[in-house]
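To start, the structure itself, in structure tokens.
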Amino acid sequence: MQQHEAIEPVHAAVAARAGFVVSKAVGNAVVRNRVRRRLRHLVRERLDALPAGATLVVRAQPGAARATYPQLDLDLDAALRAAVAPRARRHSDGAKRRRDGAG
1 MQQHEAIEPV HAAVAARAGF VVSKAVGNAV VRNRVRRRLR HLVRERLDAL PAGATLVVRA
61 QPGAARATYP QLDLDLDAAL RAAVAPRARR HSDGAKRRRD GAG
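Okay, so the sequence shown: first residue is 1 according to the working numbering, each after it adds one.
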């Protein structure tokens, strides 16, 4: 029986990738596609700043249809900062206190 080698080495870094969710609440097909194109262009410039193998999902809110390109730029930067910022540590008994109604 013949063994096959992997096409790519296992240790090769996988590039970051992005996906976009633009629902009908944003607008008709023309508007949704315009928003998706703008977001795709903005994200393309920032993919290298994300960790290797990261998956970024950008969900457009209905206001994105009325937003200017610079507004989308600022909103995306703020969202990315929030996504990569370290999260606050939870107390080990925090979940229990919330269930008990205390604290």
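Glycine included, every Cβ here is placed at the ideal spot set by N, Cα and C. As the structure is a computational prediction, the values presented were derived from the model and not from experiment.
Straight-line CA distance for residue i to residue j?
i, j, result
"Val31", "Leu56", "22 angstroms"
"Arg87", "Val58", "20 angstroms"
"Gly27", "Val21", "13 angstroms"
"Leu50", "Ala16", "6 angstroms"
"Arg38", "Ala85", "24 angstroms"
"Pro70", "Ala29", "22 angstroms"
"Thr68", "Asp48", "24 angstroms"
Buried or exposed: residue i, going by 16 or more other Cβ atoms within 10 Å of its Cβ?
i, result
"Ala52", "exposed"
"Val35", "buried"
"Ala13", "exposed"
"Ala78", "exposed"
By Cβ distance, which residues of its chain are closer than 7 angstroms to residue i, with the 5 residues on each side in sequence left out?
i, result
"Arg46", "Leu80"
"Leu42", "Leu72, Asp73 and Leu76"
"Gln61", "none"
"Ala65", "Val26, Gly27, Val31 and Val35"
Would you kindly report the start and end of the unbroken beta strand (DSSP E) that includes residue i?
i, result
"Leu56", "Thr55 to Ala60"
What does a CB cutoff of less than 8 angstroms around residue i pick up in its chain, not counting 5 residues either side in sequence?
i, result
"Ala83", "Leu56"
"Lys24", "Arg32"
"Gly19", "Thr55, Leu56, Val57 and Val58"
Can you name, in chain order, every residue of its own chain whose Cβ lies under 6 angstroms from the Cβ of residue i, other than the five neighbours on each side?
i, result
"Arg44", "none"
| query | Where in the region 18-81 do unbroken runs of the alpha helix (DSSP H), each at least 4 residues long, occur, reported from the N-terminal end onward? | reply | 29-44
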